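Residue numbers (the UniProt record's numbering): 1 to 346.
Using N, Cα and C, we set each Cβ at its ideal position, and we do this for glycine too.
This one's a predicted model, so the numbers in the text were calculated from it and none came from an experiment.
See structure below.
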Ligand code: SIN
């Protein structure tokens with residue numbers, strides 16, 4: 001390493017051996033959770049342990065990578081905010097731009113992991129591997145899953161084969177695409193799945209393998225890379241038996257810019273909701289129809305005459321990921337006539 005590059009990257013020292021340098025950004029979650037005793041996997045507090053505690057539980061990491069760890073936040077991910085997403089994306093873009101950094105790992109809570117992963121998938125300006133990991137059991141539990149998940153995440157990030165695939169989620173020996181992965185269990189260690197499309201690959205012992213590439217736009221080819229400014233208000237409502245229009249009317253009155261509706265089946269809407277959402281569009285609110293089902297596509301002009309009402313259909317993006325894309329699109333000033341194609345390509 002030259003003296004010039006030392007000056008350009010003052011946060012990092014020259015590696016002692018030829019191991020890849022991985023930036024590890026910690027945000028809290030159950031992977032950093034602590035319970036009063038080892039038998040508890042539900043009664044615990046998330047985000048208690050610092051990143052050095054997590055690292056010291058996995059000495060084998062020293063044989064895989066030089067790790068530069070930073071505590072970016074220490075929260076239960078139920079409390080994740082758009083401001084923290086932006087801070088994380090800015091920090092990741094900064095570390096990944098350093099030539100001696102091979103990739104990055106983020107530790108995160110499982111509850112909103114899929115939203116953060118998708119936000120980063122759409123905003124990071126790098127081909128380098130970026131891997132999010134988490135745990136379903138706190139660090140103090142019998143058979144805690146965090147240490148192996150952390151080891152595997154670093155293995156994935158340290159392997160050049162993982163680059164160019166956008167943000168990856170490595171949990172339970174599987175590697176998922178940030179766009180597709182969702183949490184599907186409140187307690188099981190295999191809580192994460194990518195409905196219909198399946199995993200991108202897997203990691204076991206020292207082997208990292210991929211079986212497919214993400215096809216939608218992400219990272220360097222995303223138009224949302226480096227986006228700044230406060231994200232606009234976009235809220236999620238649901239359709240269900242007997243739903244009223246109260247929530248939609250209140251949101252429109254409060255000035256939201258977008259509403260994602262988790263509709264029944266193929267994104268179908270209760271008649272009272274359909275009417276309220278139609279009026280919302282007339283008042284300048286962007287309405288996206290997604291489904292509460294958890295798998296499958298919402299067809300454009302399928303369960304609702306989208307073109308007649310000015311609704312956008314979410315395809316196979318689940319409601320909370322559709323919200324992420326809509327916030328970015330509104331912030332970037334994507335015109336109404338391009339919104340549908342955006343949802344088909346991201
Ligand atoms: C959290 O999301 O921070 C708590 C739950 C978890 O990580 O499993």
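Note the first and the last residue of the continuous beta strand (DSSP E) segment covering residue 235. Taking the chain shown and counting its residues from 1, the one referred to as residue 235 is at position 235. Segment 234-238, the beta strand (DSSP E) holding residue 235.
Consult DSSP for residue 340 and reduce its assignment to one of helix, strand or coil. For the purposes of this step, residue 340 is identified with residue 340 of the chain shown, where counting begins at 1. If DSSP states are grouped into helix, strand and coil, residue 340 belongs with the helices.
If contacts are defined as beta-carbon pairs under 8 Å, then residue 74 and residue 28 qualify, I think. What distance do you get, rounded to the angstrom? For this step, residue 74 is matched to residue 74 along the chain shown. For this step, residue 28 is matched to residue 28 along the chain shown. 5 Å between Cβ atoms; contact.
To the nearest whole angstrom, what separates the beta carbons of residue 133 and residue 171, a pair I think is in contact under 8 Å? Taking the chain shown and counting its residues from 1, one reaches residue 133 at position 133. Taking the chain shown and counting its residues from 1, one reaches residue 171 at position 171. Correct: roughly 6 Å between the Cβ atoms.
Quick one: residues with CB closer than 5 Å to any heavy atom of the ligand SIN, in chain order, please. 29, 30, 46, 76, 77, 109, 110, 111
From the DSSP secondary-structure annotation, give me the bridge partner or partners of residue 210. As a working note, residue 210 is residue 210 in the chain shown. 201, per the DSSP bridge assignment.
At the level of alpha carbons, what is the spacing between residue 410 and residue 40? Any property of residue 410 remains undetermined from this structure, which presents the chain solely from 1 to 346.
Sort 336, 230, 197, 226 by Cα distance to residue 216 and report the nearest one. Counting from 1 along the chain shown, the entry for residue 216 is found at position 216. The shortest C-alpha separation from residue 216 is found at 197.
Helix, strand or coil at residue 27 according to DSSP, with G and I counted as helix: The count along the chain shown starts at 1 and reaches residue 27 at position 27. The answer is strand: DSSP assigns residue 27 an E or B state.
Between the segment 151-162 and the segment 92-112, are three or more C-beta pairs nearer than 8 Å? yes
Residues that DSSP places opposite residue 183 in a beta bridge: Sequence index remark: in the chain shown, residue 183 carries index 183 (1-based). Note: residue 183 sits in a beta bridge opposite 192.
8 Å Cβ shell around residue 239 - same chain, five flanking residues per side excluded: Here residue 239 is taken as the residue at index 239 of the chain shown, counted from 1. So the qualifying residues of the chain are 261, 262, 263, 264, 268, 269, 270, 273, 292.
Measuring only between beta-carbons, confirm whether residue 128 sits less than 8 Å from chain C. No chain C is present in this structure, which holds just one protein chain.
Specify whether the segment 155-170 and the segment 248-262 touch according to this definition: at least 3 beta carbon pairs, one from each stretch, less than 8 Å apart. no
Going by other Cβ atoms of all chains shown within 10 Å of its Cβ, with 16 needed for buried, is residue 137 buried or exposed? Residue 137 sits at position 137 when you count from the first residue of the chain shown. Buried: at least 16 other Cβ atoms inside 10 Å.
Under 8 Å, with one C-beta from each stretch per pair, do the segment 279-299 and the segment 316-335 reach the 3-pair mark? yes
Throw me the rounded Cβ distance for the residue 168 and residue 129 pair, which I believe falls under 8 Å. Looking up residue 168 in the chain shown gives position 168. Looking up residue 129 in the chain shown gives position 129. Going by Cβ atoms, the distance from residue 168 to residue 129 rounds to 7 Å, so yes, they are a contact pair.
Along the chain, where does the alpha helix (DSSP H) containing residue 155 start, and where does it finish? What you label residue 155 is simply residue 155 of the chain shown in a count that begins at 1. Residue 155 -> alpha helix (DSSP H) spans 146-158.
Measure from the alpha carbon of residue 94 to the alpha carbon of each residue in 140, 209, 126, then state which is nearest. The count along the chain shown starts at 1 and reaches residue 94 at position 94. When only C-alpha atoms are compared, the closest one is 126.
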